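S.K.: Below you will find the structure I want to go over with you.
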Amino acid sequence: MNISINTWITMGVIMVLAFAVTKTIRFLIAKANQHSLEKQKDLTRINFFKNAISFVIWLVAIGIIISMIPALRSVAVTLLAGAGILVAVVGFAAQEAFANIIGGIFIIIFKPFRIGDMIKVGALDYGIVEDITLRHTVIVNFENKRIIVPNSKISSDNIINDTIEEDKVCRFIEVGISYDSDIDLATKIIQEEAMKHPQCIDNRTSKEKKKGYPQVEVRLMRFNEYSIDLRAYVWTNEPLIAMRMHSDINKAIKLRFDEEGIEIPFPYRTIVYKKDMEQKEKPKN
1 MNISINTWIT MGVIMVLAFA VTKTIRFLIA KANQHSLEKQ KDLTRINFFK NAISFVIWLV
61 AIGIIISMIP ALRSVAVTLL AGAGILVAVV GFAAQEAFAN IIGGIFIIIF KPFRIGDMIK
121 VGALDYGIVE DITLRHTVIV NFENKRIIVP NSKISSDNII NDTIEEDKVC RFIEVGISYD
181 SDIDLATKII QEEAMKHPQC IDNRTSKEKK KGYPQVEVRL MRFNEYSIDL RAYVWTNEPL
241 IAMRMHSDIN KAIKLRFDEE GIEIPFPYRT IVYKKDMEQK EKPKN
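Residues in the sequence shown are numbered from 1 upward in steps of one, following the numbering used here.
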């Protein structure tokens, strides 16, 4: 396959132009976004738009280069001659890639999350959305690890978005106590320790306050084999630190329970041997 020097130079110029045009367009888009009044909301669309433009420019550049090389051009013509088979083969091989692209477009259109949002996808842990590309979404979790999730998976899975919800969020704090413990005292301790936390807010309506509803409601949820489960409904107006508040209150409750003699049970069993039972039941002479 003989390629002239002029062809090599032309291909090099095309590659340089593609690189320069891509960089210039991405720079201009980023510059325009700096003056946007809704910078955070536009960031997701703009990043996706920049990636899409880069993909199209490089696709066109590669197509032009292929057309300049006779051997590759003849291969392309041959492939086009069997376009029906080619479409079937390529369609089957690239169906996942197309699904990811469509998934990315749906994310941009319907906006289930944006760059900078804290989300949870399926069984994955919570993380911050760092980038959205044509193929995948990058999520940084609390261990500072980047999780690359295909857009098709995100589009078909459940998403919990902790950022675009209302300003207030309710955390369920569940504590198990033993059957011998005082339920009323345990309830009082949980309410007091929750209300002491600086991020705990009063979400009661004026009507609920008049009726004497507690700021932190505690309910008995279930009778387990070893414990009685109590659940506290704690409200905060800081969704991003609700998890930390939950941890702080758990610790405070444990310390108070230790002071007040409220037992947090662990599984245990009493084993009675049949031989011992027979000896106890045997009448004394």
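Even for Gly, the Cβ is constructed at its ideal location relative to N, Cα and C. Computed from a prediction, not measured in an experiment: that's the story for all the values here.
Quick one: is G122 buried, meaning 16 or more other Cβ sit within 10 Å of its Cβ, or exposed?
M.R.: By the 10 Å Cβ count, G122 comes out exposed.
S.K.: Go through its chain and collect everything with a Cβ distance to R204's Cβ below 7 angstroms, but skip five positions before and after it.
M.R.: Answer for R204: Y213 and Q215, listed in chain order.
S.K.: Please specify which runs of the alpha helix (DSSP H), each continuous and at least 4 residues long, are wholly inside the stretch 94-137, giving them in chain order.
M.R.: Fully enclosed alpha helix (DSSP H) runs of 4 or longer: 95-110.
S.K.: Keeping to the same chain, check which residues put their C-beta closer than 6 angstroms to that of A252; ignore five residues upstream and five downstream.
M.R.: Once the five neighbours on either side are set aside, the close Cβ partners of A252 are E193.
S.K.: So for D167, helix, strand or coil by DSSP?
M.R.: If DSSP states are grouped into helix, strand and coil, D167 belongs with coil.
S.K.: Given 8 angstroms as the limit, is there contact between the stretch 138-153 and the stretch 109-125, that is, 3 or more CB pairs closer than that?
M.R.: A contact exists between the stretch 138-153 and the stretch 109-125.
S.K.: Measure the Cβ-Cβ separation of I249 and I189 and say whether it is below 8 angstroms.
M.R.: Not a contact, by the Cβ cut-off of 8 angstroms.
S.K.: Using a Cβ-Cβ cut-off of 8 angstroms (strictly less than) and excluding sequence neighbours within five positions of G176, which residues of its own chain qualify?
M.R.: Cβ neighbours of G176 beyond the five flanking positions: N224, Y226, S227, I228, D229, L230, I264 and P265.
S.K.: Quick check: the Cα distance between V16 and A52, rounded to an integer number of angstroms?
M.R.: Answer to the nearest angstrom: the Cα atoms are 19 angstroms apart.
S.K.: Taking the alpha carbon of S67 as the point to measure from, which residue in G104, N47 and T7 has its own alpha carbon closest?
M.R.: The residue with the shortest Cα to Cα distance from S67 is T7.
S.K.: Which partner residues of I228 appear in the DSSP bridge assignment?
M.R.: Bridge partners of I228: I177 and F223.
S.K.: Could you compute how far the alpha carbon of L37 sits from the alpha carbon of I46?
M.R.: Residue confidence is low: L37 scores 47 on pLDDT, short of 50, so the model does not pin down where it sits. No coordinate-derived value is stated.
S.K.: Report the rounded CA-to-CA distance for R219 versus F55, giving the unit in angstroms.
M.R.: If I take the Cα positions, the gap works out to 55 angstroms.
S.K.: Where does V286 land, buried or exposed, given buried means 16+ other C-beta within 10 angstroms?
M.R.: No answer is possible for residue 286: it lies beyond the span of the chain, which begins at 1 and ends at 285.
S.K.: In the DSSP output, what is N141 paired with across the bridge?
M.R.: For N141, which the question treats as bridged, DSSP gives the partners G127.
S.K.: I'd like the list of long-range same chain contacts for Q191, defined as Cβ closer than 8 angstroms, with 5 residues on each side in sequence excluded.
M.R.: These residues qualify, in order along the chain: P214, Q215, V216, V218 and A232.
S.K.: Which two residues bound the contiguous alpha helix (DSSP H) that contains R204?
M.R.: R204 -> no alpha helix (DSSP H), and no H or E assigned at all.
S.K.: Quick check: the Cα distance between A97 and I108, rounded to an integer number of angstroms?
M.R.: Straight-line Cα distance between these residues: approximately 17 angstroms.
S.K.: If you count every other CB in all the chains shown that lies within 10 Å of the CB of A20, and 16 or more means buried, which is it?
M.R.: Result: exposed.
S.K.: Go ahead and pull the three-state DSSP assignment for V21.
M.R.: Looking at V21 - three-state DSSP - the assignment turns out to be helix.
S.K.: In the DSSP assignment, find the unbroken alpha helix (DSSP H) run with R256 in it and report its ends.
M.R.: From DSSP, the alpha helix (DSSP H) with R256 extends over A242 to E260.
S.K.: Under the rule that 16 or more other beta-carbon atoms within 10 Å means buried, what is P267, buried or exposed?
M.R.: Burial call: exposed.
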